[in-house]
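So the structure is just underneath, and the comments pick up after that.
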Amino acid sequence: MTEGLIPADGGLGRKVHEFFLENGLQVVVIPDHRAPVATQMLWYKVGSADDPKGISGLAHFVEHLMFKGTEANPPGQFAKVVARNGGEFNAFTRNDVTAYFERVAKDRLPTVMALEADRMINLRFSAEEVKSERDVVLEERRSRVENAPNAILQERMMAALFPGHPYGIPVIGWYEEIEGFSPEAAVEFYKRYYAPNNAVLVIAGDVTPEEVRTLAEETFGPIPASDLEPVHVRPVTAAPTEPAVIHVADPRAGRITVQRYFPVPSYPSAKPGEAEALDLMMRIVTGGAAGKLYRRLVVEEKLAATAGGGYVRPLRDAGMLAFDAIAAEGVSAEELEAALTRFIAELREGNITEADLTRAKSAYLAQFVYAADSQDELAAHYGGFLSAGLTLDQIETWPERIDQVTVADIEKVAATYLDPARSVTGILEPSAESLAA
Numbered sequence: 001m002t003e004g005l006i007p008a009d010g011g012l013g014r015k016v017h018e019f020f021l022e023n024g025l026q027v028v029v030i031p032d033h034r035a036p037v038a039t040q041m042l043w044y045k046v047g048s049a050d051d052p053k054g055i056s057g058l059a060h061f062v063e064h065l066m067f068k069g070t071e072a073n074p075p076g077q078f079a080k081v082v083a084r085n086g087g088e089f090n091a092f093t094r095n096d097v098t099a100y101f102e103r104v105a106k107d108r109l110p111t112v113m114a115l116e117a118d119r120m121i122n123l124r125f126s127a128e129e130v131k132s133e134r135d136v137v138l139e140e141r142r143s144r145v146e147n148a149p150n151a152i153l154q155e156r157m158m159a160a161l162f163p164g165h166p167y168g169i170p171v172i173g174w175y176e177e178i179e180g181f182s183p184e185a186a187v188e189f190y191k192r193y194y195a196p197n198n199a200v201l202v203i204a205g206d207v208t209p210e211e212v213r214t215l216a217e218e219t220f221g222p223i224p225a226s227d228l229e230p231v232h233v234r235p236v237t238a239a240p241t242e243p244a245v246i247h248v249a250d251p252r253a254g255r256i257t258v259q260r261y262f263p264v265p266s267y268p269s270a271k272p273g274e275a276e277a278l279d280l281m282m283r284i285v286t287g288g289a290a291g292k293l294y295r296r297l298v299v300e301e302k303l304a305a306t307a308g309g310g311y312v313r314p315l316r317d318a319g320m321l322a323f324d325a326i327a328a329e330g331v332s333a334e335e336l337e338a339a340l341t342r343f344i345a346e347l348r349e350g351n352i353t354e355a356d357l358t359r360a361k362s363a364y365l366a367q368f369v370y371a372a373d374s375q376d377e378l379a380a381h382y383g384g385f386l387s388a389g390l391t392l393d394q395i396e397t398w399p400e401r402i403d404q405v406t407v408a409d410i411e412k413v414a415a416t417y418l419d420p421a422r423s424v425t426g427i428l429e430p431s432a433e434s435l436a437a
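Everything in the sequence shown is counted per UniProt numbering, starting at 1 for the first residue and increasing by one.
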């Protein structure tokens, strides 16, 4: 067993414990004895980027099927058992991971752990259930994407930002490929990726490492490791070499929105120090109403109603910087885009001060300490980064690495990655019909 200490835990001395079962399951325990509650998160190292070619959205679809039941727990039983035990549950699929979450009273942890172990190996679904759930996902896509102009814009921007890479394909999948889902494809995907040797189990709460080890060995221990090697085929593709502009005019759009994306390294893929510098730069620039972007576009120039963005950090292969602004009344898309372009050009030339950096470090590390008070956030923090490829030591030394970032480090990543030729700009504005209305 390896152990480590969260450096920025407010002096609580909380230790995070890690061990592996013989079948390869990685288990992380975060003791928190302030309330008799436990949070369980089971992270599978598979996401939409692992969808077979031509079957986009399959990872997300299998997440839906995981609630169809097993022989021991028929359809609907999972939700009933968790509710009967006063718990909460949820699940989500991202580009690189799929995660399942339960929060229960401490003494009910064995129940939800057994439920997760059961459906890791014993999932059952019929052809009729596949068809029914396929219709559910199609409706989800219609409501969340086809009927949401901003989602349409983001899909097109991601496709331009990551050409030829799975990150350019939406997590939910393309409509025509969802229509072709088959039981055979779902079974093959489930058998290949849903296995203890491709998963991270995180337990945070009123537990001890010894308790969790015993429970994990009893529930997950008997599940054999998969003989099917997980397939993570990630093509190496070039970033955009000339600026792209995506324009969407839609009668359902509200005010004009301008967004700009840049491809950058993520925490798992970056050179030492780069991700931390990018992280702090975006904290300084897009950190809410105190961020430089908001102050410039909203407060000083009064061209935007709001402005922000951020650094998409935990993707396995690459990250992304996002800048966005919603136009103030009477401001055109051209005016707002020009202002955003000027701001980013100044940032690339170097306009971050020591005072900016000191404030950002203090605010960020304080936020990290406050987040450590939440079992859910702790479990998500560790599970997300571990399943994306970081080690426990890398996660726990993050505050120290943040503290080592200099203004020169930020200037270097800004000059390197805020290259206009690598950018994708998205403009969303109401169409003539909605303006007339």
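Just so you know, even glycine gets a beta-carbon here, dropped at the ideal spot from N, CA and C. Bear in mind the structure is a predicted one, so any value in this text is a computation, not a measurement.
Given residue i as reference, the closest of the options once Cα atoms are compared
i, options, result
"S423", "G54, V130, K15, M158", "M158"
"Q77", "L115, V46, R108, T406", "L115"
"E155", "A59, Y261, D50", "Y261"
"N197", "N23, L228, D324", "N23"
"P254", "I55, S374, N150", "It should be pointed out that residue 254 corresponds to Gly in this sequence rather than to Pro. Nearest C-alpha to G254: N150."
"residue 445", "E377, A59, P110, P263", "Residue 445 lies beyond the stretch modelled for the chain, which goes from 1 to 437, so this question has no answer here."
"E346", "D393, L293, V202", "L293"
"L161", "S431, D419, E429", "D419"
"R166", "R134, E229, I121, G57", "Note that residue 166 is Pro in the sequence shown here, rather than Arg. Nearest of R134, E229, I121, G57 to P166, Cα basis: G57."
"M66", "A318, N122, D32", "N122"
"V258", "A79, V245, R252", "V245"
"N85", "Y190, V405, V202, K106", "K106"
Straight-line gap, residue i to residue j (C-alpha atoms, nearest Å)
i, j, result
"K68", "A195", "18 Å"
"S132", "S182", "12 Å"
"S226", "A414", "43 Å"
"A325", "T341", "12 Å"
"R401", "R94", "26 Å"
"R124", "F101", "20 Å"
"M281", "V130", "45 Å"
"K302", "H247", "23 Å"
"E335", "A249", "17 Å"
"A290", "D279", "16 Å"
"N73", "A421", "54 Å"
"P110", "V104", "10 Å"
"T358", "E349", "20 Å"
"P52", "V62", "13 Å"
"I352", "K412", "11 Å"
"G426", "G54", "26 Å"
"H381", "A338", "37 Å"
"F368", "L390", "18 Å"
"T39", "A379", "7 Å"
"K15", "V29", "9 Å"
"V25", "H64", "Note that residue 25 corresponds to Leu in the displayed sequence, not to Val. Approximately 23 Å, taken between the alpha carbons."
"D403", "G384", "22 Å"
"A117", "P36", "23 Å"
"G180", "S143", "19 Å"
"A408", "A275", "14 Å"
Reduced DSSP secondary structure (H/G/I, E/B, other) of residue i
i, result
"G180", "coil"
"A225", "coil"
"N90", "strand"
"Q267", "This sequence places Tyr at residue 267; Gln is not what is there. Three-state DSSP puts Y267 in coil, outside helix and strand."
"K53", "coil"
"H381", "helix"
"I30", "strand"
"K191", "helix"
"A436", "Its pLDDT being 48, under 50, A436 is placed unreliably in this model, and the value from its coordinates should be taken loosely. Correct three-state label for A436: helix."
"I344", "helix"
"R124", "coil"
"Q394", "helix"
"K412", "helix"
"I172", "coil"
"M113", "helix"
"T219", "helix"
"E429", "strand"
"D206", "coil"
"V248", "strand"
Residue i Cβ short of 7 Å to the ligand FMN heavy atom set
i, result
"V130", "Among the ligands in the structure shown, none appear at all, so the ligand FMN cannot be discussed."
Distance between beta carbons of residue j and residue i, contact taken as under 8 Å
i, j, result
"A360", "G287", "7 Å"
"L386", "V200", "5 Å"
"A328", "A307", "Actually they are not in contact, since the Cβ atoms of A328 and A307 sit about 10 Å apart, beyond 8 Å."
"G87", "R119", "Wrong, their Cβ atoms sit about 16 Å apart, outside the cutoff."
"L153", "I178", "Not really, about 20 Å apart at Cβ, beyond 8 Å."
"L428", "I256", "7 Å"
"A204", "D32", "6 Å"
"V27", "V312", "Going by Cβ atoms, the distance from V27 to V312 rounds to 28 Å, so no, they are not a contact pair."
"E217", "L21", "6 Å"
Say whether the segment 212–232 touches the segment 287–305, bearing in mind that this needs 3 or more beta-carbon pairs closer than 8 Å, one atom from each stretch. These segments do not touch.
Would you call the segment 42–58 in contact with the segment 167–176, where contact means no fewer than 3 C-beta pairs closer than 8 Å? With the cut-off at 8 Å, the segment 42–58 and the segment 167–176 touch.
At least 3 beta-carbon pairs within less than 8 Å: the segment 265–272 vs the segment 309–323: With the cut-off at 8 Å, the segment 265–272 and the segment 309–323 touch.
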